[in-house]
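If you count by my numbering, then the sequence shown holds residues 65 to 262, one letter each, in order. Ideal placement from N, C-alpha and C gives every residue a C-beta, glycine not left out.
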Amino acid sequence: LNKLFAQHKSVPSKGMDGVKMNVEKLRLGSIIKHWLKHHFHDFASDQKCIQSILSFVEEEFNTPEHQALISQIRKTITEQLEKEEKVRLVMFNDPPPASIEPRNTNFLDFDELEMVRQCCLIEHELFRKINPQECLNQRWNRCKHEAPNILKIVDRFNTISAWIATSIVRRKNAEDRVKFILKFLRMAVKAKELNLSL
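If you want it as structure tokens, here you go:
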């Protein structure tokens, strides 16, 4: 986006008549509109980026003949943000199942199905934030700052793995360790039945 803005500003305005400048601005406006309409995932989680687009457009296209273009770009952003919000809110066709309340605060008494559901909800929220470009060229290995959401999923996986292992080995006797191992195995079975990640 910054390169696109820089390219536009580098085009010399001297020697260009009004018609050519108008065509240049309309072409740039069309590129921005197309990008926002068809690849909004590039901007959805970056309010700063959206604001920079609006600031640039209002600054560069601040002429009476380009007011319609500014309005179209604003409308496109608004529509895309509303669409993102709907996707976030409407995730399932059926209402959520009733929560299974624990009998007490003892981990072994927590219902396995409910624990799996809660883990899934957390991971779903992380997963849906991954932008497609994060998956290109193994960016999570080579350019970690370009794949922050994939790294959050990886970190979540490592955290859960460490939590399970630590919970088991911290038990002081074999009988308690067996109870925890069975607890996690039952959770894994529930996750497999529901096709959930754990």
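Each of Met-85, Glu-123, Lys-147 and Ser-109 was checked against the Cα of Asn-213, and the nearest Cα belongs to Ser-109.
Its chain contains no residue whose beta carbon lies nearer than 7 Å to that of Phe-171 once the 5 sequence neighbours on both sides are disregarded. In the three-state reduction of the DSSP assignment, His-102 falls in the helix class.
Burial state of Arg-181 is buried, judged by a 10 Å Cβ sphere holding 16 or more other Cβ atoms. Ile-194 carries a coil assignment under DSSP once its states are collapsed to helix, strand and coil. Check the Cα spacing between Cys-184 and each of Ala-252, Ala-229, Trp-204 and Gln-131: the tightest is with Ala-252.
Cβ neighbours of Ile-114 within its own chain (closer than 7 Å, five residues either side excluded): Phe-107 and Ile-141. Taking one beta carbon from each stretch, the stretch 121-130 and the stretch 89-101 have 3 or more pairs nearer than 8 Å; the two touch. Between the stretch 214-224 and the stretch 184-201 there are three or more C-beta pairs closer than 8 Å, enough to call the two in contact. Membership of His-72 in the alpha helix (DSSP H) is indicated by the continuous run 66-74. Taking every protein chain shown into account, the CB of Lys-247 has 16 or more other CB atoms within 10 angstroms, so this residue is buried. Contact check for Ile-245 and Ile-232: beta-carbon distance about 6 Å, within the 8 Å limit, so the pair qualifies. Collapsing the DSSP output to three states places Ala-252 in a helix. Annotated three-state conformation of Pro-212 is helix, per DSSP. Ala-238 and Ile-228 have their alpha carbons spaced roughly 16 Å apart.
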